[in-house]
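Residue numbers (this note's numbering), protein chains in the order written: chain A, 1 to 681; chain B, 1001 to 1084.
Notes for the one structure printed next.
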Amino acid sequence: MSDCHTVSPAPRLTPRLRQETTLIALAGQPNMGKSTLFNLLTGLNQHVGNWPGKTVERREGSFTYNGRNIEIVDLPGTYSLTANSPEEVIAREYILREQPDVVVAVVSAANLERSLYLVAELICLPAPLVVGLNMMDVAEQEGIVVRPEALQAALGVPVIPMTATRAAGVSDLLRTIEDVLEGRWVSSPHRPAVRPDHQQILAAVEEALAGFVPPPYPPDWVALKLLEGDAEILQRMQADLPAERWELVTAQLVAHDDALLAIASGRYEWIDQMLHAAMTRPRTGQIGLTQRLDRWAAHPVWGLLILAAMLGLIFGLTFTIGVPLQQWIDDQIVGRLATLAANWLAGAPFWLSGFIVDGVIGGAGSVITFLPILVIFFAALAFLEDVGYMARAAYVMDNFMHLMGLHGKSFLPLFLGFGCNVPAVMGTRVIDSRKARLLTILVAPLVPCTARMAVVAFLAPAFFGARAALVSWGLVTLSIALLIGMGVALNRTIFRGERSAFVMEMPLYHLPNARTIGLLVWQRALSFLQKAGTMILGISAVVWLLSVLPGGSLESSFLAMAGHLLEPVGRWMGMDWRLTVALLTSFVAKENSIATLGVIFRSNQMAANGGLAQTLAAAFSPASALAFLTVTMLFIPCAATVAVIRQETGSWRWTLLSVGLLLALSVAGGSAIYWLASRWM
Amino acid sequence: MNHFPLSVSIPLASLKPGERATFLQFDSGRGVMGRLIALGFTPGAEVRITQNHGRGPLLVAVRGTYVAIGRGEAEKIFVRRAAA
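Below is the structure:
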């Protein structure tokens, strides 16, 4: 008996105009090249957003094939369809409720055994299935032989061999999808069976459910998920079933709590049958490329050295190419634009020219100059992600992350934070447990981002001369040390209790795909520009207003008043009202503090006829400068980061906690450094 | 719960690199179990240790997939060592 042979098409809940668009859903486990295929099909014609009410990325796009308009949705990558995480629920709800015309299951020829596990679940759902047998090249590299025709015959659904990174097999896939849509391909899926010893139990649960399963859920599928102990379906059916029926169901579930293993074993037995016909493994003892590389990359000592070298290389690239480029854009484009606008607006009222020149161009414009640095950083990380290296970085850092009660996966978003804290906070989505995710979000702003490093790079040489590099290194080390300290402290206080489990697939290494990397960089850069164009622009404008109102000059502005008001606190850190104001404006974007100091010292600078850095070095003591840099490193996250913390935690409470913790930490750190420095320097 | 003699059922974490074993059962929570099962850990599956340095996570191959497992989790996965 099949566990899902009675599946009948459920009524369509959201009718679409069938003739006009075809809906395709891409399903697959992580690391199967699903995104590569999606990018190949849609190009830039795609939209990235969130699934409603979830912090899970939703990607959809469209393209035309033979005059047919096709809408394609990239479902979240999941290993199974049992509710272990929001991703699984999203994927199966989408297939059941939206009823796509075709579901394309992307599997890896190099990892066929495990990747068929999801197919074993998808083949039981009431949607036509086409299997894209991807990564034929990686399989060959690992010495695995897969016969697509044999797999197709065994599964009873179309199987198309592909290498999406080289666009091979994609036209075959599209032709087959069309055949399925036109009814030229009649599938007779061979579905997995529940092991004989559990068939009666399944039948008993199904009987108890009879008549109470709401559409679009197939009753036999619901029965199976209940036996698997699926938390989401359990909750749903408890609400939908009358009490006496629910008791019948729970009695079966309690008596057979091993059903999950039996069902999973049944699926793997089914997979074994498929593989028996379709795959030849390499001789035992033959060692694939991945294992050979991992002897180094995942080694507890060499692996850490390799990771350190990679980080060093990325920083090297960022600072040798990115920083000069950033300065060039700042001088040649933003600077000239500001001059141009100032001349052009010479006759306009002061508030208009001030708003455009200082507020819009000076504020949001200077943030945009960081784009080259971010692009280099994003590209380097996307490259490492695409070849499969990032999982190794997480693996070798696991031991270290345990200090904070976190595990290896939390290292990945923190790594991103060196570029910019915004993607770091968003990157915490890879972490499975909410607790570990919140803890990672709370410590992430302590990773020194490029904007803060730019402030350090600007001020340190003027104040510390030859010792500038040492000071910069010390500031980074202090930030990381405090990150660890805060992580350890939070882990022992608010986040006390059980640790989340570290279970992570280590994907096979494969050649990078320029298109995948390019699109990833493009999307991240675009979302950064969107933020610069909306929120950062808005806040820049507000800060500018505060810096000229009510009198028209900075010295008598609201901002200066705030600076004077907070000066007593600033004094602890050796900062006068001017440095305090600079720090306050760094909330908009970290590097704004330089721009603000530029505005404040404009008259002095003209008198001294020197650069801003030299003017500042004459005005403040090295101890004050060191304290100011320390506070800059540790201060509350920039507005964009605060906004994503709110978005990702879904709570103002956690957002305010993050701001409060960092505020306290930066004031304490700055005061301590000032106290020490004014005695020793 | 343990259907196997103690001398036979040993934690995954106690195996050395290169050793093979047959997966028997978990002693972990439902969430971790669900993920391990989907990655191929079902009773009878062959597991091969590719890295175990005595501390830190382990690297194992199961059903053609390399899986990193934290030491804590590997202590709760029980296997039977395969004859060398």
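Using N, Cα and C, we set each Cβ at its ideal position, and we do this for glycine too.
Check	Outcome
Alpha helix (DSSP H) containing F411/A: first to last residue?	411–417
By Cβ distance, which residues of its chain are closer than 6 Å to T78/A, with the 5 residues on each side in sequence left out?	E87, E88, A91
Does any C-beta atom of chain A lie closer than 8 Å to the C-beta of P1043/B?	yes
Below 8 Å on the Cβ atoms is my guess for H510/A versus V387/A; work out the distance and round it to an integer in Å.	7 Å
Given a cut-off of 8 Å on the beta-carbon distance, is the pair V1047/B and V1008/B in contact?	no
Please name the residues in the region 1064–1079 of chain B whose beta-carbon is closer than 8 Å to at least one beta-carbon of chain A, in chain order.	G1064, T1065, Y1066, V1067, A1068, I1069, G1070, G1072, E1073
Starting from V102/A, follow its DSSP beta bridges and name the residues at the other end.	I24/A
Look up G49/A in the DSSP assignment and say whether it is helix, strand or coil.	strand
Are T1050/B and L1059/B close, meaning C-beta to C-beta below 8 Å?	yes
To the nearest whole angstrom, what separates the beta carbons of S671/A and T632/A, a pair I think is in contact under 8 Å?	Incorrect: roughly 14 Å between the Cβ atoms, too far for contact.
Output needed in chain order: residues of the region 1022–1040 of chain B with a Cβ under 9 Å from some Cβ in chain A.	Q1025, F1026, S1028, G1029, R1030, G1031, V1032, M1033, G1034, R1035, L1036, I1037, A1038, L1039, G1040
Of all the options P196/A, Q152/A, M404/A, A677/A, which has the alpha carbon lying nearest to the alpha carbon of H276/A?	Q152/A
With DSSP as the reference, please indicate the residues paired to F319/A in a beta bridge.	Bridge partners of F319/A: none, in fact.
Just the Cα atoms here: how many angstroms apart are D294/A and A1068/B?	12 Å
Of the choices Q647/A, L226/A, A454/A, whose alpha-carbon is the least far from that of L325/A?	A454/A
Is it the case that the region 484–502 of chain A contacts the region 113–123 of chain A, given that we only count it when at least three CB pairs across the two stretches are under 8 Å?	no
What number of angstroms, rounded off, separates the C-alpha of P219/A from the C-alpha of S80/A?	19 Å
Can you give the beta carbon distance from L129/A to M274/A, rounded, assuming they're within the 8 Å contact cut?	Actually they are not in contact, since the Cβ atoms of L129/A and M274/A sit about 14 Å apart, beyond 8 Å.
Please compile the residues from chain A whose C-beta is within a distance smaller than 7 Å of the C-beta of G1056/B.	P300, D398, N399
Would you report the Cα separation of A167/A and D330/A, rounded to the nearest angstrom?	40 Å
Quick check: what's the CA-CA separation for L475/A versus F628/A?	11 Å
Say whether chain A places a C-beta atom closer than 8 Å to the C-beta of L1012/B.	no
Rounded to whole angstroms, what is the Cα-Cα separation between R236/A and R114/A?	29 Å
Quick one: which chain A residues come within Cβ less than 8 Å of L1114/B?	There is no way to answer for residue 1114/B, as the model of chain B reaches only from 1001 to 1084.
Below 6 Å CB to CB, which residues in the same chain sit around W577/A once its five sequence neighbours on both sides are set aside?	G563, H564, E567
Could you tell me whether the Cβ atoms of I594/A and V581/A are closer together than 8 Å?	no
Count the C-beta pairs between the region 250–264 of chain A and the region 93–100 of chain A that are closer than 8 Å, then say yes if the count reaches three, no if not.	no
Please state the DSSP three-state secondary structure of N134/A.	strand
Would a check of beta-carbon distances place V503/A closer than 8 Å to chain B?	yes
In terms of residue numbering, what span does the alpha helix (DSSP H) encompassing N399/A cover?	390–401
For a test of the three-state rule: what should DSSP assign to Y117/A, helix, strand or coil?	helix
Please list the partners that A127/A has in chain B, where partner means a Cβ-to-Cβ separation under 8 Å.	What A127/A touches in chain B: nothing, since even the nearest Cβ is about 20 Å away.
Whole angstroms is fine: what's the gap from E20/A's alpha carbon to P216/A's?	23 Å
Do the region 130–140 of chain A and the region 102–119 of chain A make contact, defined as three or more Cβ pairs closer than 8 Å?	yes
Which two residues bound the contiguous alpha helix (DSSP H) that contains Y65/A?	No alpha helix (DSSP H) contains Y65/A, which is instead part of the beta strand (DSSP E) from 57–65.
With a Cβ-Cβ cutoff of 8 Å, do P1011/B and E1073/B count as a contact?	no
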